[in-house]
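Chains as they are written, first to last, in this note's numbering: chain A, 11 to 322; chain B, 9 to 285.
All residues carry an ideal CB built from backbone N, CA and C; glycine is no exception.
Just so we're clear, the structure is a prediction, and the values are computed from it rather than from any experiment.
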Amino acid sequence: MSTSSNEIVLQARGLVKRYGDFSAVAGIDFEVRRGESFGILGPNGAGKSTTMKMISAVSKRTDGELTILGKDPNQKGPEIRAHLGVVPQKDLLDRELKAWENLFVYGRYFGLPRKWLRTKVDELLAFAQLEDKRNSKVDEMSGGMQRRLAIARGLVNEPEILLLDEPTTGLDPQARHVLWDRLFRLRENGVTIILTTHYMDEAEQLCDRLVVMDAGKIMAEGAPADLIKQYASKEVLELRFGTDRNEETAPKVANFGDRVEVLPDRILLYTENGEKSLEQVMDSGLKPVTSLVRRASLEDVFLRLTGRSLVD
Amino acid sequence: MSDLRFTPGAVVDAQRAIRGGSWRVAEYRLRNMMHWWAAIISFGLGNPVLYLVSVGIGIGGLVDKASGGHLLGGVPYLQFVAPALLASAAIQGVMDEVTFPVMEGFTWEKYFFAINATSVSARQICNGVMIAAFARGVWTVVMYGVILVLFGAIPLGSLFPLMLSSLIGGIAWAAVIMSVSANLKNDDGVFAIIGRFVIAPMFLFSGTFYPINLMPIYLQWIGWISPLWHATQLGRDYTIGEAEPTWLVTVHYLYFAALLVTGMLIGYRAFVRRLGE
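In structure tokens:
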């Protein structure tokens, strides 16, 4: 579901960030509309976090153009940041302070009045499902709770754009789902969200539109379903013949699908009908050790674009 | 299960947020300090009492008795040493707030990066740390000063100028140490080295316990470059009327100003560079 309008809140043109001779971000173009949920998908080292630092209006770009909320972050950093909510990868919560104090103190940085904040803090704790952790210190909370507190903190100034850097990295599946639910609600309520992730399922769940990044460049851009349609097939048949036999068997199954990809541990056969292709493989006398038919995902898109897996 | 509804961007007045940034960082630092209130209060009270009893009364008693009170121009040793002890306490108290908190902010917990993600700028974070350190200094000198008066170590009338000169000396030195802390990637025992090879000699050779001119000339320079000596001289000028010529009083304050400006400029650069990486 998207509640985006046509108003562009963030625009990057030929955006570059260099550290010495190394280009962490090597000229990227994208734009984000108000109310949109936008993802930056890529493996570790793709330049996602560097991009995030630039669009958080803290790290200055080396080259190119960047406009956030109609302003240039190199000139108007603090002014832009007054309306951003940032959830850093490593939470950066204050361990000396209690949960509520973390939100309160953060709100004060934006010049918000104490009285208003006292109500807001309770509202945010309820949203993050942390009411009973109000007076707990950060170390007494689980990883999932800490991340939810960090998200609540990022919302204390009622931001125009919420930026999340790898929001569910390091969380267990249950904690991830609670978090996705919270983010989904924000998205329904019209908050513009920009997130980086190396999890394709996360990107598919949360993003209206995304860019796939690798080695500092954008490889593709579009809605998750469109990207899958464009770069992969409808279904994927995964076949395992054993590590030694995958490579030699691949040409024999290639005819049963649109395209074949050989990974060290398995063969991926891209096809419109996985069950039918599997039948053809079995009929041809080949006997895979295991087989699996699944929907094509962004993982397959990434593999197609870069020849590598998202998660190494 | 609670929902959250708001009009994005409506609640924050960016200009107002930007204006008060330094003060809000100071507010945070003070709130953080409050978690250590027991240590801060007991140190603030215990330190002067211990020093005054042991050095002022103990050693002082010995010095005064041996000299028949003529050694320091008729000034009792307790009164001679009191302004130096206050200046030293101010310098140490303020320094506490610009060493580990800065390391914590940049390296150990990286809180400064979270603060910098708001409308607060790198320079404002630096200012906020210094304002909070100054507040800690005020607490330290007030505690110390009152106890000095109670011990009869300084005249009541000299309390205010003495506290002020010590505080200025403390904050000038804090700026220098803050600029060092802000440039450290990791501790690596640097603070221990500063403690042993800078603070300890400064304490011993700045005319704290004896007039600096009793030292051979080749050791007196340690005092001249030490903010503690400058603060001590100013303090003695106010308390026991150790008449410093006007030009020397000016030099003392100019020296503090130079330390403060240099420290802040180097500190600002480090804050801006590290937070904007």
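Exercise for the section: Note down, in chain order, every chain A residue with its Cβ under 7 Å from the Cβ of phenylalanine 142 of chain B. Expected result: For the purposes of this step, residue 142 of chain B is taken as the residue at position 134 of the second sequence. Correct list: empty, because the minimum Cβ distance to chain A is about 19 Å.
Practice item. Give the single residue among A/Ile65, A/Pro274, A/Leu237 whose Cα lies nearest to the Cα of leucine 174 of chain A. Key: To locate residue 174 of chain A, count along the first sequence from 1; it is residue 164. With distances taken between Cα atoms, leucine 174 of chain A lies closest to A/Ile65.
- For chain B, is any of its Cβ atoms less than 8 Å away from the one on asparagine 84 of chain A? For the purposes of this step, residue 84 of chain A is taken as residue 74 along the first sequence, with counting starting at 1. Interface with chain B (8 Å Cβ-Cβ cutoff): asparagine 84 of chain A is excluded.
message: Which residues in chain B have a C-beta closer than 7 Å to the C-beta of alanine 56 of chain A? List them in chain order.
response: Within the first sequence, the letter at position 46 stands for residue 56 of chain A. Within chain B, not a single residue places a beta-carbon under 7 Å from that of alanine 56 of chain A; the smallest gap is close to 18 Å.
task = State the Cα-Cα distance for the pair aspartate 149 of chain A and glutamate 309 of chain A, rounded to the nearest angstrom.
result = Numbered from 1 along the first sequence, position 139 holds the residue referred to as residue 149 of chain A. Numbered from 1 along the first sequence, position 299 holds the residue referred to as residue 309 of chain A. Near 35 Å, if we compare the C-alpha coordinates of glutamate 309 of chain A and aspartate 149 of chain A.
*Chain-order list of residues whose beta-carbon lies under 8 Å from that of serine 15 of chain A (same chain, five-residue window excluded)*: Stepping through the first sequence from its first residue, residue 15 of chain A is reached at position 5. Only residues of its own chain outside the window of five on either side were considered, and among them Arg43, Arg44, Gly45 have a CB closer than 8 Å to the CB of serine 15 of chain A, listed in chain order.
What number of angstroms, rounded off, separates the C-alpha of glycine 153 of chain B from the C-alpha of tyrosine 261 of chain B?
The residue given as residue 153 of chain B occupies position 145 in the second sequence. The residue given as residue 261 of chain B occupies position 253 in the second sequence. Going by the C-alpha atoms only, they are around 20 Å apart.
Legend entry - Contacts that asparagine 16 of chain A makes with chain B (C-beta to C-beta distance below 8 Å): Reading the first sequence from its first residue, position 6 is the one you call residue 16 of chain A. The contact set of asparagine 16 of chain A on chain B, defined by CB atoms closer than 8 Å, is empty, because the minimum CB distance reaches about 16 Å.
Worksheet entry | Member of A/Ala136, A/Thr179, A/Glu176 whose CA lies at the smallest distance from the CA of leucine 159 of chain A | Translated into positions along the first sequence, residue 159 of chain A becomes position 149. Nearest of A/Ala136, A/Thr179, A/Glu176 to leucine 159 of chain A, Cα basis: A/Ala136.
#### Entry: Stretch pair the stretch 175 to 182 of chain A + the stretch 191 to 210 of chain A: three plus CB contacts closer than 8 Å
Here the stretch 175 to 182 of chain A lies against the stretch 191 to 210 of chain A, with 3 or more beta-carbon pairs under 8 Å apart.
Worksheet item: Which ranges would you report for the beta strand (DSSP E) in the stretch 216 to 268 of chain A if only whole runs of at least 3 residues count?
Response: Those beta strand (DSSP E) runs which fall completely within the stretch 216 to 268 of chain A and span 3+ residues are 219 to 224, 227 to 232, 245 to 250.
For threonine 77 of chain A, the three-state DSSP class (helix, strand or coil): Working through the first sequence from its first residue, we reach residue 77 of chain A at position 67. Strand, per DSSP.
*Note down, in chain order, each residue of its chain lying with its Cβ closer than 8 Å to the Cβ of phenylalanine 211 of chain B, except the 5 sequence neighbours on either side.*
Looking up residue 211 of chain B in the second sequence gives position 203. Residues Ser96, Leu236 of the same chain have their beta carbon placed closer than 8 Å to that of phenylalanine 211 of chain B, with the five preceding and five following residues left out of the count.
Q) Quick one: is proline 91 of chain B near chain C, going by C-beta distance under 8 Å? A) Note that chain C does not occur in the displayed structure, where the protein chains are A and B.
- Task: Could you list the residues in the stretch 101 to 122 of chain B with a C-beta less than 7 Å from some C-beta on chain A, going in chain order?
- Result: Those residues of the stretch 101 to 122 of chain B that come within reach of chain A (Cβ to Cβ, closer than 7 Å) are Glu117, Lys118, Tyr119, Phe121, Ala122.
Please report the distance separating the alpha-carbon of aspartate 323 of chain A from that of asparagine 124 of chain B.
Nothing in the structure corresponds to residue 323 of chain A, since chain A is present only between 11 and 322.
So what does DSSP say about tyrosine 280 of chain A, is it helix, strand or coil? As a first step, residue 280 of chain A is located in the first sequence; it is residue number 270 there, counting from the start. Tyrosine 280 of chain A carries a strand assignment under DSSP once its states are collapsed to helix, strand and coil.
Residue from B/Ser234, B/Met111, B/Ile48 whose Cα sits closest to the Cα of aspartate 196 of chain B:
Taking the first residue of the second sequence as 1, we reach residue 196 of chain B at position 188. The residue among B/Ser234, B/Met111, B/Ile48 with its C-alpha nearest the C-alpha of aspartate 196 of chain B is B/Met111.
**Asked** Expressed to the nearest angstrom, what Euclidean distance is found between the alpha-carbon atoms of leucine 313 of chain A and valine 26 of chain A?
**Response** The residue you call residue 313 of chain A lines up with position 303 of the first sequence. The residue you call residue 26 of chain A lines up with position 16 of the first sequence. Their backbone Cα atoms lie some 25 Å apart in a straight line.
Q) With C-beta atoms as the reference, is asparagine 194 of chain B less than 8 Å away from threonine 254 of chain B? A) By 1-based counting over the second sequence, the position of residue 194 of chain B is 186. By 1-based counting over the second sequence, the position of residue 254 of chain B is 246. In this structure, threonine 254 of chain B does not lie closer than 8 Å to asparagine 194 of chain B by Cβ.
Exercise for review: Could you check how far apart the C-beta atoms of glycine 77 of chain B and glycine 178 of chain B are, in whole angstroms? I think they sit under 8 Å.
Suggested key: In the second sequence, counting from the first residue as 1, residue 77 of chain B sits at position 69. In the second sequence, counting from the first residue as 1, residue 178 of chain B sits at position 170. The beta carbons of glycine 77 of chain B and glycine 178 of chain B sit about 32 Å from each other, so the pair does not count as a contact at 8 Å.
Q. Is the beta carbon of asparagine 40 of chain B less than 8 Å from the beta carbon of glutamate 106 of chain A?
A. Indexing the second sequence from 1 puts residue 40 of chain B at position 32. Indexing the first sequence from 1 puts residue 106 of chain A at position 96. It is a contact, given that the beta carbons lie within the stated cut-off.
| Within the 8 Å Cβ cut-off, does aspartate 11 of chain B reach chain A? | For the purposes of this step, residue 11 of chain B is identified with residue 3 of the second sequence, where counting begins at 1. Aspartate 11 of chain B counts as touching chain A.
request  = Would you decide whether isoleucine 171 of chain A is buried or exposed? Buried here means 16 or more other CB atoms lie within 10 Å of its CB.
outcome  = Translated into positions along the first sequence, residue 171 of chain A becomes position 161. Flag for isoleucine 171 of chain A reads buried.
*asked:* Taking 6 Å as the limit between beta carbons, can you name the residues of its chain near glycine 117 of chain A, skipping five residues before and five after?
replied: Along the first sequence, read from residue 1 onward, the residue named residue 117 of chain A stands at position 107. Closer than 6 Å at the Cβ level, and outside the excluded window around glycine 117 of chain A, lie Leu127, Val166.
Just how far apart, CA to CA, sit arginine 197 of chain A and leucine 170 of chain B? Your numbering for residue 197 of chain A matches position 187 in the first sequence. Your numbering for residue 170 of chain B matches position 162 in the second sequence. C-alpha separation (whole angstroms): 60 Å.
message: Measuring straight from C-alpha to C-alpha, what distance separates isoleucine 49 of chain B and glutamate 105 of chain B?
response: Counted from its first residue, the second sequence places residue 49 of chain B at position 41. Counted from its first residue, the second sequence places residue 105 of chain B at position 97. The alpha-carbon atoms of isoleucine 49 of chain B and glutamate 105 of chain B are separated by roughly 15 Å.
Q) Taking 8 Å as the CB-CB cut-off, is arginine 32 of chain B touching chain A? A) As a position in the second sequence, residue 32 of chain B is number 24, starting the count at 1. By this cut-off, arginine 32 of chain B is an interface position.
query: Excluding the five sequence neighbours on either side, which residues of its own chain have a C-beta within less than 6 Å of the C-beta of isoleucine 176 of chain B, listed in chain order?
result: Here residue 176 of chain B refers to the residue found at position 168 of the second sequence. Cβ neighbours of isoleucine 176 of chain B beyond the five flanking positions: Phe264.
Can you pull the DSSP bridge partners for glutamate 41 of chain A?
-> On the first sequence, position 31 is the one that residue 41 of chain A refers to. Beta-bridge partners assigned by DSSP to glutamate 41 of chain A: A/Gln21.
For aspartate 218 of chain A, would you say it is in contact with chain B, using Cβ-to-Cβ distances shorter than 8 Å as the test? As a working mapping, residue 218 of chain A is identified with position 208 in the first sequence. No, no contact with chain B.
Reduced DSSP secondary structure (H/G/I, E/B, other) of tyrosine 29 of chain A
Position 19 of the first sequence, counted from the first residue, corresponds to residue 29 of chain A. The DSSP-derived three-state label of tyrosine 29 of chain A is strand.
With DSSP collapsed to three states, give me the class of isoleucine 50 of chain A. As a first step, residue 50 of chain A must be located in the first sequence, where it is residue number 40. Strand, per DSSP.
Reference histidine 238 of chain B; option with closest CA among B/Asn221, B/Val259, B/Leu227: To locate residue 238 of chain B, count along the second sequence from 1; it is residue 230. Checking every option, the nearest Cα to that of histidine 238 of chain B belongs to B/Val259.
Cβ of proline 274 of chain A within 8 Å of any chain B Cβ
Mapped onto the first sequence, residue 274 of chain A falls at position 264. No, its Cβ sits nowhere closer than 8 Å to a Cβ of chain B.
**Prompt:** Whose C-beta lies closer than 6 Å to the C-beta of proline 261 of chain A among residues of the same chain, with five residues either side of it excluded?
**Reply:** Here the question's residue 261 of chain A lines up with position 251 in the first sequence. Here proline 261 of chain A has no same chain residue with a Cβ atom under 6 Å from its own Cβ, once five neighbours each way along the sequence are excluded.
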